[in-house]
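Data first, discussion second: the structure below is written as structure tokens.
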Amino acid sequence: MNDALKLILLFFLVIILIFCSSIVLGIMYGIPSGNVAVITIDSEIVSMTDYLSGGQTSDSIIESLINAENNPNVEAIV
4 MNDALKLILL FFLVIILIFC SSIVLGIMYG IPSGNVAVIT IDSEIVSMTD
54 YLSGGQTSDS IIESLINAEN NPNVEAIV
């Protein structure tokens with residue numbers, strides 16, 4: 004094998020080793036990832052809704068916020 008091929012092989016082995024070790028460390032130590040709950044409001048907020056007017060009730064939005072707040076996996080709410 005020539006030197007250039009050996010160098011390329013060594014480079015890819017190092018990259019694979021770094022990738023595998025990061026996965027193992029993530030599994031062993033439970034490195035957290037940033038989980039964000041997104042509460043979408045895509046229409047007007049109304050106190051009561053019917054089939055003709057549409058909209059989202061404030062109660063449904065509050066319920067979504069409470070569910071996101073009580074979820075231990077959620078770190079932020081937007």
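Letter by letter, the sequence shown follows residues 4 to 81 in the numbering used here. Don't be surprised by glycine CBs; every beta carbon is placed ideally from N, CA and C. What you are looking at is a predicted structure, and each value in this text was computed from that prediction instead of being measured.
For residue j and residue i, the rounded distance between their alpha carbons
i: M51; j: P75; result: 31 Å
i: V77; j: E66; result: 15 Å
i: S85; j: C23; result: Outside the shown range of the chain, which is 4 to 81, sits residue 85, and nothing can be said about it.
i: E47; j: Q59; result: 6 Å
i: D45; j: S25; result: 39 Å
i: I69; j: I19; result: 42 Å
i: V49; j: G57; result: 9 Å
Assumed close pair residue i, residue j - CB separation to whole angstroms, cut-off 8 Å
i: A7; j: V39; result: Incorrect: roughly 45 Å between the Cβ atoms, too far for contact.
Residue of the options minimising C-alpha distance to residue i
i: V41; options: A71, K9 and N5; result: A71
i: I64; options: I21, N5 and T43; result: T43
Assess contact between the segment 23-30 and the segment 8-15, defined as three or more Cβ pairs (one per stretch) separated by less than 8 Å. Is contact present? At 8 Å Cβ cutoff, the stretches do not touch.
Scan the segment 39-68 and note each continuous alpha helix (DSSP H) run of 4 residues or more that stays entirely inside, going in chain order. Counting only unbroken stretches of 4 or more residues, no alpha helix (DSSP H) element lies wholly within the segment 39-68.
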